[in-house]
């Protein structure tokens, strides 16, 4: 089993320019709050594949890959949802290379792997977290789960009060 890692010491790999390593690690991903609802990554310790390459002239090219389920309430019917999210993210950190080549996750040759994995996971999540693709949601009138109630569920609409005076007219 791979060790759980929050921060990773890149200098400890002692890579020569042009050399790279692929590592199997486990990373905890902190829960996310979306629309006041809490979503967590499962499993709690997500297995990740970290690829680290030392660039000539200094710095690192980084890639992280993993898949995890995002567990939380369905955004339509509020039942439990857990779609699988595939994540692949890349970062480059080259000191003195400008903003585009300066990774916010690398400080003094230490990679904030947990922070990077959490951000990459959040960016890879679907826009709508659903229990299933064809989720019908909740009835806007009575809040019944339309997935269970079926297509025959409906309510009589109340007459529009703005037309009340017209209903009083007697036409012969």
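In this note's numbering, the protein residues as written are 0 to 171. We put the CB at the ideal spot given by N, CA and C, even for glycine.
Requested in this report: Please classify residue 147: does DSSP put it in a helix, a strand, or coil?
Outcome: helix
Query raised in the report: Does the separation of the CB atoms of residue 53 and residue 14 fall below 7 angstroms?
Result: yes
Report task. Within 10 angstroms of the Cβ of residue 159, are there 16 or more other Cβ atoms? Answer buried if so, exposed if not. Result -> exposed
Query raised in the report: Taking residue 133 as the reference, which of 86, 74, 62, 42 has the closest Cα?
Result: 74
Query raised in the report: If we count the other Cβ atoms within 10 Å of its Cβ and call it buried at 16 or more, is residue 105 buried or exposed?
Result: buried
Report task. Give, in chain order, every unbroken run of the beta strand (DSSP E) that is at least 3 residues long and sits entirely within the stretch 108 to 150. Result -> 109 to 111
Query raised in the report: To the nearest angstrom, how far is it from the Cα of residue 88 to the Cα of residue 62?
Result: 6 angstroms
Query raised in the report: So, do the stretch 93 to 105 and the stretch 126 to 146 have three or more beta carbon pairs nearer to each other than 8 angstroms?
Result: no
Query raised in the report: Residue ranges of each beta strand (DSSP E) run of no fewer than 3 residues wholly in the stretch 32 to 64, ordered along the chain?
Result: 36 to 41, 44 to 53
Report task. Starting from residue 102, follow its DSSP beta bridges and name the residues at the other end. Result -> None; residue 102 has no bridge partner.
Query raised in the report: Rounded C-beta distance between residue 116 and residue 47? I'm assuming under 8 angstroms.
Result: 6 angstroms
Query raised in the report: Can you give the beta carbon distance from residue 82 to residue 57, rounded, assuming they're within the 8 angstroms contact cut?
Result: About 40 angstroms separates the two Cβ atoms, so there is no contact after all.
**Report entry** Collapsed DSSP secondary structure at residue 19 in the structure displayed
**Finding:** strand
Report task. Using a threshold of 7 angstroms, state whether the C-beta atoms of residue 27 and residue 37 are closer than that. Result -> no
Query raised in the report: Roughly how many angstroms lie between the CA atoms of residue 149 and residue 157, to the nearest whole one?
Result: 22 angstroms
Query - Selection from 122, 91, 35, 43 that minimises the alpha carbon distance to residue 5 - result: 43
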